[in-house]
Amino acid sequence: MSEVTPSNSSGSSIRQATFNQPAGPNRFIYFFSAIVLCSVVAYYLFAAINTNGLPTHQGTATVLDKYFQEGGTSSFTQPIGNQQIVRVTETPEAYVVKLEINEQQTDFPLDKEVYDRVSAGDTLSVEYQITRLTGSIRVTKANP
């Protein structure tokens, strides 16, 4: 790291320190950023391929169970300017039935009137979609 160089006519030497400078910017941050960006793009690409443009099927579903999900509020802080503002969001109540279609189970929210008329073991006429990659069922409409 240091080299000896003569500096005067008497023959004495002066030690001069030299430091190795990095060859360029840290390449890890570029690699890490590329991995994060590719992961985000892959996630949204997967979701788009899996769910967009699915054909709609019609069939019957069996009601396995039903439950009421209470509404409520939640809050979070959001920085606006130099202040932290508390924002409140409301979650609406939901009347949900657990359905079985083609030996797969899924949940679907219903209107209160329909929810009150159905019970476990009833069948509903449903319109549903089957996702391409995961094969899960997404109910789009349900009628008693």
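According to the working numbering, the sequence shown is numbered sequentially starting from 216.
Don't be surprised by glycine CBs; every beta carbon is placed ideally from N, CA and C.
Computed from a predicted structure; not experimentally measured.
Given that a residue counts as buried once 16 or more other Cβ atoms are within 10 Å of its Cβ, and exposed if not, what is residue i?
i    : result
L348 : exposed
V341 : buried
F246 : exposed
L164 : Since the first residue shown for the chain is 216 and the last is 359, residue 164 is missing from the structure and cannot be characterised.
L252 : exposed
A357 : buried
The alpha helix (DSSP H) that contains residue i, what's its start and end?
i    : result
V329 : K327 to R332
Kindly identify the DSSP beta-bridge partner or partners of residue i.
i    : result
V354 : Y343
T266 : In the DSSP output, where bridge partners are listed per residue, T266 has none listed.
T275 : S340
Is residue i a contact residue of the ligand NAD, with contact defined as CB to any heavy atom under 7 Å?
i    : result
S289 : Among the ligands in the structure shown, none appear at all, so the ligand NAD cannot be discussed.
### Query
Can you give, in chain order, each stretch of the beta strand (DSSP E) that sits fully within the stretch 278 to 323 and has at least 3 residues?
287 to 295, 298 to 306 and 309 to 316
### Query
Contact between the stretch 292 to 302 and the stretch 261 to 280: three or more CB pairs below 8 Å?
no
### Message
Three Cβ pairs or more, each shorter than 8 Å: is that satisfied between the stretch 310 to 330 and the stretch 275 to 283?
### Response
yes
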